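Numbers in my numbering are just positions in the sequence shown, counted from 1, shifted up by 17. Built from N, CA and C at the ideal position, the CB exists for glycine as well. Keep in mind the model is a prediction, meaning the values are calculated, not measured.
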Amino acid sequence: MFIRPAWASPTPQETPPPPTAPAQMAVPQHPLAIEGKRVYSEFCASCHGTAGDGQGPAAKSLPNQPTAFSDPQVINTRSPRELFQTTKEGRMDKGMPPWGVRLDDVAIWGVTAYLFDLGLTQDVYDAGAQIYKDSCAVCHGESGKGDGPQAQGDMPDLSSWAAWVDISNDAWAQRVKQQDVHASVVKELDDDSLKKVMAYVRTLSYESTRAPLEGNGIISGTVEMMTKGEEANFEGLTVALFGLRGGEELALTLTTTVKADNTFRFEGLSTSHQMIYYLETEWEGVPYATDALVFLPGQTVITTTLQVAATTEEDPGIRAGRAHWFMDFDGETLTVGELIGIDNPGDRAYIGTPLPDRDGARAVIRWALPAGVMNLRLDGGKLGERFLLVNGELIDTLPLPPGRDVRRLLLQYQLPIEHNQAVLAHPVSLPIDLLTVFIADRGEHIEVPDNATEGESQDVNGVPFKMYTLTRVDKGETVTFRLTNLAAARKANPHEAPPSLVRQIGVGLSLLLGLLLLGSMVYLTRRRKPSEDETKEALRERREEILRLIAQLDIAFEAGEVDEATYREERDILMAEAVQLTRMLGDIPTELEGSSDTAPSADEDTTPEEQA
């Protein structure tokens, strides 16, 4: 199954979509405001303002003041369908473009839901929630499904977005006031209280960013020793739980200690689809973490295992299970990106060997670099701390837990173009099970190793890339790719791009898209070195793509378009990548030092020799 993502839609310069008849609209049952928040921030905030007050930086250039959705008098008079249609079809007379040429309906419905959050302060939400609990839940039920203990007859489903898509909050409140069944409730509420409770009732029909993080969810587990023949008592060990709202915003940090039976438990957690959890601990100086933990629909308990290991100074045979290299060039340099997945096949955490004159630092992973490397960049930090550069080798000093693809290194550098050619002669310091190499195809001549197999070319962001694979590359080998006739190739196929563009040339984990790689992505510059802010922005864009896919997958599952087994598998993969990207961006201030498994950034203006 292929779900067309929002970012694959046409550009705003194309013909606006025809007006959408109400009967033609596919209305979701429960849109996600957190998805809408991301889309709003990217496409709407410049005019309507980050807070929805109509005071965005571009507002002054418009013929009319943008709508202030943060004003309750505005948002409470609009129905969801009206907001959707205006967003999709635009109001060119007001300077509002038709976003239906850029965004798909899933994204626009998410924005529509988020607009109601903008018009709802946390105080109003909390007050409305209390009124609903005291006066409404007894019949309508806690979640609005009409399953309260005193429910009678055919109760309306307040949790259905589609059921109330054509009515505004104010019109809904007036309807309630006129119904005899609500007479005893309404007479106890003034108009202000009624408005508050109706604003809250609206949030029952979508996943609101105002919703509390508390709930009836439980995450429990056991700390286990995975090293054979080793026993340990983990009583008193600290376990941290991190909760990310929508996979992006760190919304919750809790800690607990392990009991005498090596178990731990976190209660009162939100089971919302928006929340992604994971656990961390540290044992003998080595950080350990679980994969992403997500409550599926109807699930309230997650039981997991947090495995730790004894340490060893003996190399357990660490290797690169998968490595991806990406190459592109401009007139002066060849830019190379590398993504390396590291395996530790043993059952002990490898702490490495001592490095002379390095203040007790140990070499855990040694990754050789080609000669002549310039402008080395590592994701997330600088050389001289966790990462060192010694005698042409990049050294990671962080202990390596057991596991497959347990760590990913992400790096970028440049090599000189001399005499109209560029050569990547890459020494191999760890065995590589599978090496995949992508080279931008601009018409240059490419000389490849004899054991390289050419695969099907891939088009990424409009740039064709040739693909080559090598299997079982041994330690001590040198993998060489030679690119010649570069000047003619560049002249014939310039692929011009804005100077600030950081080009994404890797692809993600999503099986839904049916793309090539399993892994994260690498971002390369097209015209110049990206700044640190630009690199982070590229990672954020990729994270947003993944999160939109998650939202679309949720909707497809609820609609019965995806079976549960596929849904679980796909969602786990996407969630894991979303969490990994968030950690790469440094948006999770972990309490356990050194828990990130991604590489920091190096200074881009010095050579490796100067950085060492």
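Between which two residues does the beta strand (DSSP E) harbouring residue i extend?
i	result
Glu266	266 to 274
Val91	Where Val91 is concerned, there is no enclosing beta strand (DSSP E), although the alpha helix (DSSP H) it sits in stretches over 89 to 92.
Pro304	303 to 306
Lys483	480 to 490
Pro444	438 to 444
Phe630	Nothing about residue 630 can be read from this structure; the chain reaches only from 18 to 629.
Ala67	In the sequence under discussion, the amino acid at residue 67 is Thr, which differs from the Ala named in the question. Premise fails: Thr67 is in no beta strand (DSSP E) and is neither H nor E.
Thr321	318 to 325
Assuming residue i is part of the alpha helix (DSSP H), what are its boundary residues?
i	result
Trp189	186 to 195
Leu132	122 to 135
Asp140	139 to 152
Glu59	50 to 60
Ala200	200 to 203
Leu100	97 to 106
Which one or two residues does DSSP pair with residue i in a beta bridge?
i	result
His462	Thr501
Met391	Gln431
Pro115	Looking at the DSSP assignment, Pro115 forms no beta bridge with any residue, so it has no partner.
Trp178	Its beta-bridge partners do not exist; DSSP assigns none.
Glu297	Ala257, Ala306
Ile592	Contrary to the premise, residue 592 reads as Met rather than Ile in this sequence. Beta-bridge pairing links Met592 to no other residue.
Met292	Arg262
Asp476	Pro481
Glu471	Tyr485
Arg424	Ile359
Leu286	Glu231
Val155	The partner list for Val155 (beta bridge, DSSP) is empty, contrary to what the question assumes.
Thr328	Ala366
Val496	His443
For residue i, count neighbouring C-beta atoms within 10 Å of its own C-beta (all shown protein chains included) and say buried if the count is 16 or more, exposed if not.
i	result
Thr288	buried
Val198	exposed
Arg588	buried
Ser237	exposed
Ala43	exposed
Gln82	exposed
Arg365	buried
Phe482	buried
Met292	buried
His436	exposed
Arg375	exposed
Val318	exposed
Ser7	Nothing about residue 7 can be reported from this structure: the residues present for the chain run from 18 to 629 only.
Lys10	Coverage of the chain is limited to positions 18 through 629, which leaves residue 10 absent and any answer about it impossible.
Lys150	exposed
Pro433	exposed
Arg192	exposed
Lys245	exposed
Asn233	exposed
Asn93	buried
Met592	buried
Pro45	buried
Asn392	buried
Glu330	exposed
Stretch pair the segment 149 to 163 + the segment 67 to 84: three plus CB contacts closer than 8 Å: The segment 149 to 163 makes no contact with the segment 67 to 84: fewer than 3 CB pairs, one atom from each, lie closer than 8 Å.
Any 3 or more C-beta pairs closer than 8 Å across the segment 451 to 459 and the segment 483 to 499: In short, these stretches touch, since the Cβ pair count reaches three.
Three-pair Cβ contact test at 8 Å for the segment 372 to 389 versus the segment 408 to 425: Verdict: yes, contact present.
In chain order, each beta strand (DSSP E) run of at least 3 residues that lies wholly inside the segment 216 to 283: Counting only runs of 3 or more, we get 231 to 242, 255 to 262, 266 to 274.
The segment 92 to 108 in contact with the segment 173 to 193 per 3-pair CB rule at 8 Å: A contact between stretches requires three or more CB pairs, one per stretch, nearer than 8 Å, and the segment 92 to 108 meets this requirement with the segment 173 to 193.
Stretch-stretch touch, CB-based, cutoff 8 Å, three pairs: the segment 306 to 317 with the segment 419 to 435: They do not touch, by the three-pair rule.
Three-pair Cβ contact test at 8 Å for the segment 132 to 149 versus the segment 216 to 224: Taking 8 Å as the limit for Cβ pairs, the verdict is that the segment 216 to 224 does touch the segment 132 to 149.
The segment 247 to 254 touching the segment 276 to 283, judged by at least three CB pairs closer than 8 Å: Result yes; three or more Cβ-Cβ pairs closer than 8 Å.
At least 3 beta-carbon pairs within less than 8 Å: the segment 208 to 216 vs the segment 267 to 276: No, the segment 208 to 216 is not in contact with the segment 267 to 276.
Cβ contact (3+ pairs, closer than 8 Å) linking the segment 395 to 405 and the segment 457 to 472: Verdict: no, contact absent.
The segment 358 to 365 / the segment 332 to 350 touching (three or more Cβ pairs under 8 Å): Verdict: yes, contact present.
Every unbroken beta strand (DSSP E) within the segment 336 to 416, with a cutoff of 3 residues, ordered by chain: Positions of the beta strand (DSSP E) runs, each at least 3 residues long and wholly inside the segment 336 to 416, are given as 336 to 346, 350 to 361, 382 to 385, 391 to 395, 404 to 407, 410 to 413 in order along the chain.
Stretch pair the segment 343 to 356 + the segment 326 to 335: three plus CB contacts closer than 8 Å: Touching, no, given that fewer than three Cβ pairs across the two stretches are closer than 8 Å.
The segment 222 to 230 / the segment 120 to 135 touching (three or more Cβ pairs under 8 Å): A contact exists between the segment 222 to 230 and the segment 120 to 135.
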